[in-house]
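Residue numbers (full-length UniProt numbering): 1 to 147.
Report on the following structure.
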């Protein structure tokens, strides 16, 4: 296995871990949000966690296609992501936290796109670019809702 292929696999693993953690966090926010914007945020968080859940399989399969095993335990996945934000029950804090989390994963995706390009893995470049587009759109919408 070449160094660029291993770097690509490592980047995909990081994206997978961060996506999993964000999925869990967003699902928890869906369960626990309250306040005057409950229905709107409950639906927003549901749409986000469903998108994140679906993305996990695609990312893991790209890792397998590259010849590596995808992390298969919660512990292994969580090792690949930064520490979780402190729990919150404020709807405003949930949005603020998710803005920061989506911004973080967008940066990770940009790095992973570069790694996939160097490895000549155009399919991963496409997948990761699609993921970046989704996260950037979610960022825009959440930021717009705070103004």
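Glycine is no exception: its CB is placed at the ideal position from the N, C-alpha and C atoms.
Whether residue i touches residue j by CB criterion (8 angstroms)
i, j, result
"residue 109", "residue 135", "yes"
"residue 52", "residue 80", "no"
"residue 115", "residue 8", "yes"
"residue 142", "residue 95", "yes"
"residue 91", "residue 138", "no"
"residue 5", "residue 119", "yes"
"residue 131", "residue 54", "no"
Residue i (DSSP reduced to helix, strand or coil)
i, result
"residue 37", "coil"
"residue 148", "Outside the displayed span of the chain (1 to 147) sits residue 148, for which this structure offers no information."
"residue 2", "coil"
Span separating the alpha-carbon of residue i from that of residue j
i, j, result
"residue 64", "residue 70", "6 angstroms"
"residue 117", "residue 125", "6 angstroms"
"residue 11", "residue 59", "10 angstroms"
"residue 88", "residue 30", "12 angstroms"
"residue 76", "residue 123", "25 angstroms"
"residue 128", "residue 112", "7 angstroms"
"residue 38", "residue 28", "14 angstroms"
"residue 102", "residue 83", "14 angstroms"
"residue 68", "residue 62", "9 angstroms"
"residue 13", "residue 121", "15 angstroms"
"residue 66", "residue 73", "19 angstroms"
"residue 43", "residue 133", "20 angstroms"
"residue 40", "residue 144", "14 angstroms"
"residue 86", "residue 25", "10 angstroms"
"residue 32", "residue 3", "44 angstroms"
Discussion item. What ranges does the alpha helix (DSSP H) occupy inside the UniProt domain "Ferritin/DPS" (9-144), keeping only unbroken runs of at least 4 residues that lie completely in it?
Written reply: 38-65, 74-79, 91-118
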